[in-house]
Amino acid sequence: DGGITQSPKYLFRKEGQNVTLSCEQNLNHDAMYWYRQDPGQGLRLIYYSQIVNDFQKGDIAEGYSVSREKKESFPLTVTSAQKNPTAFYLCASSRGSGSEQYFGPGTRLTVT
Amino acid sequence: AQSVTQLDSQVPVFEEAPVELRCNYSSSVSVYLFWYVQYPNQGLQLLLKYLSGSTLVESINGFEAEFNKSQTSFHLRKPSVHISDTAEYFCAVSPYNQGGKLIFGQGTELSVKP
Chain S
2 DGGITQSPKY
12 LFRKEGQNVT
22 LSCEQNLNHD
32 AMYWYRQDPG
42 QGLRLIYYSQ
52 IVNDFQKGDI
62 AEGYSVSREK
72 KESFPLTVTS
82 AQKNPTAFYL
92 CASSRGSGSE
102 QYFGPGTRLT
112 VT
Chain A
416 AQSVTQLDSQ
426 VPVFEEAPVE
436 LRCNYSSSVS
446 VYLFWYVQYP
456 NQGLQLLLKY
466 LSGSTLVESI
476 NGFEAEFNKS
486 QTSFHLRKPS
496 VHISDTAEYF
506 CAVSPYNQGG
516 KLIFGQGTEL
526 SVKP
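The listed protein sequences correspond, in order, to chains S and A.
The first sequence begins at 2 in this note's numbering and counts up one residue at a time.
The second sequence begins at 416 in this note's numbering and counts up one residue at a time.
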């Protein structure tokens, strides 16, 4: 089946630890995206990548880092510098501008 | 820069009643327009999109949206809702030639009651 997988579904970490969220797609899409969802705020763009080995900051990139070494994979690292990391994180992919984005099931991160 | 405003955070409605979820946007460049739906603890699914052409677009499950350029709106409507339509609905815009990124509204929680 084609689609996007995110793992794990739930993740718990202690404050001060970095954590990496996985995102894999087998849709052969060039573009991939990371969004953060908080109640009442919709989704906000963290980082996006239009092509392998290239990525751009979104609206709320501070405290996050990404890599795009393979077309299929776009992992997101939530660093200890992110002041309020507890949230629902969604990964998406698309063929690019004007195309539908396909979303993964999300990872709910809780930091205490 | 772009912004999207969904005018209602919650919309309660009875089954078989009509519904309208309102969306306004502002942008200094041309945009594509989307509506996505999210069921609890899941990712988002595309409901419908406007890229060009006819300003009225329809989905397979009875929703429709009309692009109004002069009012910069893209309201979502359904003439008769079902219990299964209960979900959160997000309006989003994507600026031309900016990598396909989406700017989302805050979401509207549609609650359909029997």
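Cβ atoms here follow ideal geometry from the backbone N, Cα and C, with glycine treated the same way.
Given the structure is predicted, the values throughout are model-derived calculations rather than measurements.
Legend entry - Q42 of chain S, buried or exposed, once every other Cβ within 10 Å from all chains shown has been counted against 16: exposed
Inset, instruction - Can you pull the chain S residues whose beta carbon is under 7 Å from the beta carbon of Y447 of chain A, in chain order? - result: G99
Inset, instruction - Please classify S98 of chain S: does DSSP put it in a helix, a strand, or coil? - result: Assignment of S98 of chain S by DSSP, reduced to helix, strand and coil, places it in the coil class.
Inset, instruction - Would you identify the three-state DSSP class for S441 of chain A, choosing helix, strand or coil? - result: strand
Legend entry - E97 of chain S to L459 of chain A span [Cα, whole Å]: Note on residue identity: the sequence assigns Gly, not Glu, to residue 97 of chain S. For G97 of chain S and L459 of chain A, the distance between alpha carbons rounds to 17 Å.
Inset, instruction - Could you tell me whether the stretch 520-528 of chain A touches the stretch 470-484 of chain A, using the rule of 3 or more Cβ pairs below 8 Å? - result: no
Legend entry - S443 of chain A to P529 of chain A span [Cα, whole Å]: 43 Å
Legend entry - Segment contact, 8 Å Cβ cut-off, at least three pairs: the stretch 12-19 of chain S with the stretch 103-112 of chain S: A contact exists between the stretch 12-19 of chain S and the stretch 103-112 of chain S.
Inset, instruction - Go ahead and pull the three-state DSSP assignment for D39 of chain S. - result: Secondary structure at D39 of chain S: coil, using DSSP grouped into helix, strand and coil.
Inset, instruction - Mind listing the chain S neighbours of S424 of chain A? Cutoff is C-beta to C-beta under 9 Å, in chain order. - result: G41
Inset, instruction - Leaving aside the five residues before and after A507 of chain A along the sequence, list all residues of the same chain whose C-beta is less than 8 Å from its C-beta, in chain order. - result: V419, L448, F449, W450, Y451, L517, I518, F519, G520
Legend entry - Secondary structure of D60 of chain S, DSSP reduced to three states: coil
Legend entry - Segment contact, 8 Å Cβ cut-off, at least three pairs: the stretch 65-84 of chain S with the stretch 15-33 of chain S: yes
Inset, instruction - Check whether the Cβ atoms of Q57 of chain S and G515 of chain A lie closer than 8 Å to each other. - result: no
Inset, instruction - Please classify S499 of chain A: does DSSP put it in a helix, a strand, or coil? - result: helix
Legend entry - Short CB-CB distance (under 8 Å) between F429 of chain A and chain S: no
Inset, instruction - Tell me whether Y103 of chain S is buried or exposed, calling it buried when 16 or more other Cβ atoms sit within 10 Å of its Cβ. - result: Buried: at least 16 other Cβ atoms inside 10 Å.
Inset, instruction - Closer than 7 Å, Cβ to Cβ, to anything on chain A: give me those residues from the stretch 81-107 of chain S, in chain order. - result: Correct list: L91, S95, G97, S98, G99, S100, E101, Q102, F104, G105, P106, G107.
Inset, instruction - Helix, strand or coil for V53 of chain S, going by three-state DSSP, please let me know. - result: Correct three-state label for V53 of chain S: coil.
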